[in-house]
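In what follows, a structure is listed as structure tokens, so that the remarks can point back to it.
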Amino acid sequence: MSDKEEITTVDARGYACPEPVMLARSALLRNKGKPVRVLVDTMTARDNVSRLAVREGLDSSSTEHDGGFAVTFRPKGA
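Residue numbers (numbering that gives the first Met the number 0): 0 to 77.
Here is the structure:
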């Protein structure tokens, strides 16, 4: 295993809700059990994408990123 964890990144900046949530969910389904980072450019999109983590039973964290936000999903306890 490498020292650096591979994270799939989805760029949902510029999309209006619910598109960022749909893109995030699609990436989560394609990458089951692996971390996924979603880039969004509004607080509303950040909040909606973060709620997806709760619904899916995942841990999530949000940081400011390049004028927007990066929401990272991980399996619980990972």
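Ideal Cβ placement from N, Cα and C applies to all residues, glycine included.
Values in this document were obtained by computation on a predicted structure and should not be read as measured data.
Same chain, Cβ closer than 6 Å to L121, five either side skipped, listed in chain order = Since the first residue shown for the chain is 0 and the last is 77, residue 121 is missing from the structure and cannot be characterised.
Nearest to T43 by alpha carbon, out of K33, P17, L27 and P34?
-> When each option's Cα is compared against that of T43, the closest is P17.
Can you name the start and end residues of the alpha helix (DSSP H) that R50 belongs to?
-> Unbroken alpha helix (DSSP H) run through R50: M42 to E55.
Give the secondary structure of E63 by DSSP, where H, G and I count as helix, E and B as strand, and everything else as coil.
-> In the three-state DSSP reduction, E63 falls in the strand class (E or B).
When DSSP builds the beta bridges, which residues end up paired with V9?
-> Assignment of beta-bridge partners to V9 by DSSP yields V37.
Member of E5, S25, R54 and R36 whose CA lies at the smallest distance from the CA of S61 | Nearest option by C-alpha distance: R36.
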